[in-house]
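Notes follow the structure.
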Amino acid sequence: AGRRTGELRDLDPTVAVFGLLGACFWVYKWYRADGRLTATEVASIVQALLANGYVAR
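Numbering (the working numbering), first residue to last: 301 to 357.
Here it is in structure tokens:
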């Protein structure tokens, strides 16, 4: 519905879903609790990237 109304970009749905899931589920591979960012900071950045990347401009 979001693509039809222009709220979401017209992206291939399979690529969009796998990209979203990959971004969410692979954080455990590279995130380090003793790194420079907290888990909350990383979550906020990932959320912002995903939201701004999927929303139409």
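Note that CB positions come from ideal geometry on N, CA and C, so glycine has one too. Since the structure is predicted, the reported quantities are computational estimates derived from the model, not experimental observations.
When Arg303, Val346 and Asn352 are compared against Phe325, the one with the closest alpha-carbon: Along the sequence shown, read from residue 1 onward, the residue named residue 325 stands at position 25. The shortest C-alpha separation from Phe325 is found at Val346.
Residues of its chain near Asp310, where Cβ-Cβ distance is below 8 Å and the 5 sequence neighbours each way are ignored: Here the question's residue 310 lines up with position 10 in the sequence shown. These residues qualify, in order along the chain: Arg303.
N-terminal and C-terminal residue of the alpha helix (DSSP H) that Thr314 is part of: Numbered from its first residue, the sequence shown carries residue 314 at position 14. Thr314 -> alpha helix (DSSP H) spans Pro313 to Phe325.
Endpoints, the alpha helix (DSSP H) within which Thr305 is located: Along the sequence shown, one-based indexing puts residue 305 at 5. Segment Gly302 to Thr305, the alpha helix (DSSP H) holding Thr305.
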